[in-house]
Amino acid sequence: MASGHVFVSSLNVLVISLLMLCTECCAHENVTGQETLVCVRSLQVCDLNENKENLAGHSNAGMCHVGDCEPDCIISCRVSSHVEQAIVFSAVSDVVVEIITLNCPKETAFSRLRNLEICVYLSGFGFVRFSERSLICIRLHTFPHWDYTHKRYLRRRLNYSSNNVATFNPSIVSLILLRCGDVETQPGPVREQTSTESGCYSRKNERKIKVGHLNVRSLKNRIHHTLVKETVLLHKFDIFTISESWLDNTVSDTELDILGYALYRQDRQISKGGGVCVFVKNNIKVSLLPDISAINNGFQQLWLQVQLNKCKSLVLCVAYRPPNSLPSLLTDYFMPNVILAMSKCKDLIVLGDLNCDMLQESKRESRVLLEVCSNLNLHQIITVPTRITDNTQTLIDVIITSNRNLISSSDVLLSSISDHSLPYAVLNLKSPRCKPTYVTVRSFKTYSKELFVNDLSLVPWHIVDTFDDVNDKLDVFNKLFMDMLDVHAPVKRIKLKSRPNPFVTSEIRALIKTRDTWHRKAVRSNDNRDWNGYRFFRQEVKKELRAAEKEYVRSELTLNSGNSRSLWKTINKCLPRKSCSSTHELNSVKLANTFNEYFTSLGSSIAAETCGIATDFNLEATCPQRSITPPETQFCFREVSETEVANVVSNLPANKAAGPDKLPARVIKDGLSVILSTITSMINCSFTTSNFPQERKIAEVIPIPKLGDKELACNNRPISLLPVMSKICERLAHGQYNNFLCSEGKLSAHQNGNRKLHSTETALLKVTDDILKAMDEKLITIMVLIDFSKAFDSINHETLLNKLWNIGMAPSALKWFSSYLTNRSQKVRLGEFLSQQLPLSHGVPQGSILGPLMFTVYVNDLPSSVVNCKPECYVDDSKLYVSFVLHDLVSAIGQINKDLDQLCSWCCGNSLLINPEKTKVLAFGTCQRLQQLPGFSIKLPSKQIEPTRVAKDLGVHLDSCLSYTHHVDKTVSSCMYSLFQINRVKHLLDRKTLLLVIHSLVFSRLFYCSSVWSNTSKENVKKLQLVQNFAARIVVGLRKYDHVSPALKELKWLNITDQLYLRDAVLVFKSLHHLTPYYLSEKFKRNSEVHSRVTRNVNDLHLPLCRLVTGQRTFSFRGAKLWNSLPPEIKSEQSLKSFKHKLHKHFLTS
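Each residue of the sequence shown is one higher than the last, beginning at 1 in the UniProt record's numbering.
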């Protein structure tokens, strides 16, 4: 390996730029102007005569002398047989001194150049050494009398790519040399890096708590968040506090996730800027102290109590004081909170940007902070500047503690995320070890569908048919199938690992290292050229990160374009809606057992509570009894065909989680051609023998957190993971029984859930039309929205079997359902920990196929308990309402209370519990009538319920006048929130994916149940139009003041008004063609059905008579009016798809 020196003339500035090239794509280029590319292996100092001697050995070398000038310095190249041509320059003038040509193939010249090392000496900068593993091109250019003070640094942008050589106009010699990732200045002997150089992480401090603080100036910035994530994980901070996060309610916690850390934040609500937050490792238990966490005149304090295992807890605060705020905020708000925190008798540590320069103690704000520390016996441990620029050095980021002995060491790390450095402290507290997370899954790394099916075909499946008992059949099948599956896809225990920033490549990390080198150099020298170099590389890092993330996401989207699951997995990484952190921090077998005991005892505890309510309030709780006389028509199972089984299996979602047996649907689908007859035989055996296999009645429960403390079992929803084979059998049973219930009309007309052609939209339309008609007749309507507590978990099995018998079920089928419900058991999984298996005496599994249908049958007789009011149900969401004239209020309240008493009695008899806290009462009427309505309340056995102005029913916010203003406001807020998220990542997604995301996450929410609220005011429609306009601007990329109409036309989007008309017209079309429930279909009648007169409008829909404009808001009126206004050629369409297409085209062109 050769090396040499390059001396730079003092009369000129020689600029050498080193650009990385791929060996496959390198080639000589003719560069215009005074720039030339020279391919080199090494540089050597020599004069012209020495250079001639060195090159004399090359037989085919040619010499070319230009002019008689004697150069002040010669840059020469000692070449080997791998280089095709070398060019020798004069450093004084742009004169080519020598051209050396070698006869060798170009492919040889640019292939496999490794271990290259060049050491260059630059006057005023010392030695600079670099080494790379690929070809390096050096561009030489002279700039006489360069004026640093009048030249802007880097006017032209530089685009780095592996496939091209980009040019730029630098002004500093050593700046461009350091562009390579492994360049060293003043190289000496290679030595290992010390703990001080590596930051706050060292082997000595490895097991101690490390806390740090950084003013990031916008964590909302994706590049800043990426760099913060890199910093936290690189230095292994246990607690990392941030000021000036600039977060608001448009940024979710999931967008800020750092794997293995929990986030606590306090955003500034009134104005932009400010904001503090804390990232804490998941293995550290932290609780928020809300009493002393506050924002006072812009001064922010977020207080946390940190509890460590086997260690005394401490109180931690992150604070931020705006630079222009009064210093008195420290004494008025900060000092009292510190006193309250110290009253807990725990060590205290405060980190933050208080904008008090502790290097200048004579300043007023510094004196105030010192006075607070002195009065409270606090210690400020940071002594070096934390904000260093080319003009100033200040110490405004502080770490304050009440106990000096708590601090093992402290220092300040330079950070390039903002203009603030990163003060940190290592505490004399032992950091708890992070327990690795493991999952038990099947490994499909070596799985081959063809080989698996081929081996399955060799299995003697006929052995299964030799057994008569379905449990024996299943045992043999599982033995044969699972043994073969374990060979091709064995079950493995895998440690979960994740790359937090997969797009951050080694090249970018090298560029980050170069940036940090320039930062350190600028801080030491305070030279303007060094600061310019640092700023340049800081921008290059940000640009490279943005480009790398875009390239990574685009490649993932292209790779997964045909796989919907993988596509959305990539999209969710850009738009996270679920936290990547562990669901429950305190994962353990003990906690899993606690959860399982709670879930399995829910039914019995609710049954006991309902019995207590019935006794306390003298309610008649009569349990449903089985009728003596069986119904005329009875349901019994029939044998299923292989075609039916194949259809069910083919429709199984392959991405659903496997059950306790770790048997995914994927392998069932792959081997279906071989095992179809065996599966069909087992299912038919189950139906004919009225026996559901015991092994399929074991569930693995995953707790899904709801609101509140997720470590409490009551704040979790149990979702059961069942075996795939169980779901296949359930789906076939569900199909047969559901068809029987629908064809025989066994289900109540007031039940809208889990029924064909029914939806939340149709259920709400029925109720809201009744209310609007009552308002048109000057009536008041009172509605009670009833909420059941843990309804699916409370079902009494014996009561359900009695209802199945009464509704019409043959003894054999009833025996099968009894086998399905009884002797069930479950285990709870928290991470890798599994609880003990416990029996389940009540409820139906949430996550099963038959569960919702069983619940529908269970509450099928609920409406019959209501006598005076109109009941409506959608699964477990029930309501009852009554309309009356104003002077009959007392009588109406009495009727409602009487029906509620009957409903409570029914609930006590059926082991269901009404939740009075979530039960709402609404009064509907015109504004004039509501003003005349006196106060009232509705009585439940345990609570008096006052009416509310707005309540949410089936996802739609209903207000007293049915103006839907509150619903529109909530919808706009939710959609804008999603659009703000999408807007921050729009540069990562192509237009096709961007449209998919907006339609899925925004428009699906924007137009939910639109036919219910499409009669809202024009002002509300304008609010919705703003959402669509914003979405169009994101997709098309419009600027702030660009008109949005061309964008809507380009995207072929109808405006909101036309969209609502289109959706209403589609629902009318469905009603006329009997594709909706009967109560909607019967709303529309043609004029020929109403009267016998022959008119030109005889085929139009009849408009119902309305007294007020309120009556014209009913769907029956506006739907008929809209249909009559459509062109005849559109109304005559018989296909729903063609109707939609033509109607969309009609609105688009009108």
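No residue lacks a Cβ here, since even glycine has one placed at the ideal position from N, Cα and C. Bear in mind the structure is a predicted one, so any value in this text is a computation, not a measurement.
Inter-residue Cα distance where the pair is residue i and residue j
| i | j | result |
| --- | --- | --- |
| residue 697 | residue 435 | 33 angstroms |
| residue 321 | residue 250 | 23 angstroms |
| residue 613 | residue 798 | 21 angstroms |
| residue 1037 | residue 1025 | 18 angstroms |
| residue 127 | residue 531 | Any reading at residue 127 is ruled out, since the residue's pLDDT is 36, under 50, leaving its predicted position unreliable. |
| residue 761 | residue 1010 | 8 angstroms |
| residue 262 | residue 895 | 52 angstroms |
| residue 432 | residue 576 | 28 angstroms |
| residue 1034 | residue 986 | 7 angstroms |
| residue 1104 | residue 739 | 35 angstroms |
| residue 480 | residue 473 | 11 angstroms |
| residue 96 | residue 384 | In this predicted model, residue 96 has a pLDDT of only 37, less than 50, meaning its place in the structure is not dependable enough to derive any value. |
| residue 353 | residue 323 | 9 angstroms |
| residue 941 | residue 917 | 13 angstroms |
| residue 449 | residue 855 | 39 angstroms |
| residue 1045 | residue 270 | 33 angstroms |
| residue 815 | residue 727 | 19 angstroms |
| residue 618 | residue 901 | 10 angstroms |
| residue 1142 | residue 1076 | 21 angstroms |
| residue 1152 | residue 1066 | Because the chain is modelled from 1 through 1150, residue 1152 falls outside the range shown and cannot be assessed. |
| residue 660 | residue 825 | 12 angstroms |
Local Cβ density within 10 Å of residue i, reported as buried at 16 or more and exposed below that
| i | result |
| --- | --- |
| residue 1149 | exposed |
| residue 515 | buried |
| residue 699 | buried |
| residue 360 | exposed |
| residue 1136 | exposed |
| residue 1031 | buried |
| residue 951 | buried |
| residue 230 | buried |
For residue i: DSSP bridge partner residues
| i | result |
| --- | --- |
| residue 867 | None, per the DSSP bridge assignment. |
| residue 1013 | The partner list for residue 1013 (beta bridge, DSSP) is empty, contrary to what the question assumes. |
| residue 1086 | 1101 |
| residue 410 | 425 |
| residue 842 | 796 |
| residue 957 | 952 |
Sequence-distant residues of the same chain with beta carbon closer than 7 angstroms to residue i, five excluded per side
| i | result |
| --- | --- |
| residue 604 | 841 and 842 |
| residue 623 | 799 and 909 |
| residue 734 | 849, 850 and 853 |
| residue 956 | 764, 967, 1009, 1012 and 1013 |
Backbone secondary structure at residue i - three-state DSSP
| i | result |
| --- | --- |
| residue 1007 | coil |
| residue 322 | coil |
| residue 287 | strand |
| residue 695 | helix |
| residue 303 | strand |
| residue 877 | strand |
| residue 434 | coil |
| residue 637 | coil |
Cβ-based neighbour list, residue i, same chain, cut-off 6 angstroms, excluding 5 preceding and 5 following
| i | result |
| --- | --- |
| residue 1151 | This structure leaves residue 1151 out entirely; the chain is present only between 1 and 1150. |
| residue 493 | 438 and 440 |
| residue 212 | 237, 240, 422 and 424 |
| residue 1152 | Residue 1152 lies beyond the range of the chain shown here (1 to 1150); nothing can be said about it. |
| residue 190 | Bear in mind that a pLDDT of 40 at residue 190, under 50, signals an unreliable position, so the model cannot answer this. |
| residue 719 | 702, 704, 846 and 847 |
| residue 595 | 703, 713 and 828 |
| residue 731 | 648 and 849 |
Residue i: CB within 7 angstroms of a non-hydrogen atom of the ligand GTP
| i | result |
| --- | --- |
| residue 1040 | Of ligands this structure carries none, so the ligand GTP is not represented either. |
Close-in-space but distant-in-sequence residues of the same chain around residue i (CB under 8 angstroms, 5 per side omitted)
| i | result |
| --- | --- |
| residue 819 | 690, 691 and 692 |
| residue 341 | 289, 292, 303, 315, 317 and 348 |
| residue 443 | 489, 490, 491, 492 and 494 |
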